[in-house]
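The next block holds one structure in the form of structure tokens; read it before the comments.
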Amino acid sequence: METLKDKCVLLTGATGGIGSKLLPLLHYAGARVFITGRNQEKLAALSASLKLPAQQMFVADISQQEEVTALKNVFFFCI
Ligand SMILES: NC(=O)c1ccc[n+]([C@@H]2O[C@H](COP(=O)([O-])OP(=O)(O)OC[C@H]3O[C@@H](n4cnc5c(N)ncnc54)[C@H](OP(=O)(O)O)[C@@H]3O)[C@@H](O)[C@H]2O)c1
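So, in structure tokens, the structure goes:
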């Protein structure tokens, strides 16, 4: 069966109701989860709770094309 071990996952809305529940499931399944949202404090707290590497956290507003492009450019180094 395909596993998530070492797969790169970009989780938008990571600090929200769905995202914050999905994050530990993906993390403990072995995925490298990149988290994003607009609020730096909420992202930092979530990231710290799982000791994610700093480079897997991005503050971005995905309603803004240039921020999505920047996010894509960083994330593509993972995959
Ligand atoms: N809950 C449900 O049962 C359900 C069912 C079907 C569909 N949905 C949909 O699934 C999505 C997530 O649901 P949820 O309950 O987890 O919502 P939520 O608790 O309101 O969380 C929304 C998340 O999206 C982030 N976000 C909002 N606008 C953003 C933007 N412009 N750029 C980047 N990040 C943004 C928020 O973080 P920041 O505010 O820090 O940016 C937060 O992490 C929503 O679109 C919802 O309509 C939910």
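Using our numbering, you'd call the opening residue of the sequence shown number 988 and step up by one each time.
C-beta: ideal position from N, C-alpha, C; glycine also.
Just verifying my parser: in three-state terms, what is the DSSP assignment at residue 1017? coil
Taking only heavy atoms of ligand 1 into account, decide whether any of them is closer than 7 Å to the Cβ of residue 1002. yes
Name the residue from 1053, 1007, 1056 whose alpha carbon lies nearest to the alpha carbon of residue 1022. 1007
Coil, strand or helix - residue 1012 by DSSP: helix
Unbroken beta strand (DSSP E) run spanning residue 991, endpoints: Element bounds for residue 991: n/a, residue is neither H nor E.
Taking 6 Å as the limit between beta carbons, can you name the residues of its chain near residue 991, skipping five residues before and five after? 1016, 1017, 1018
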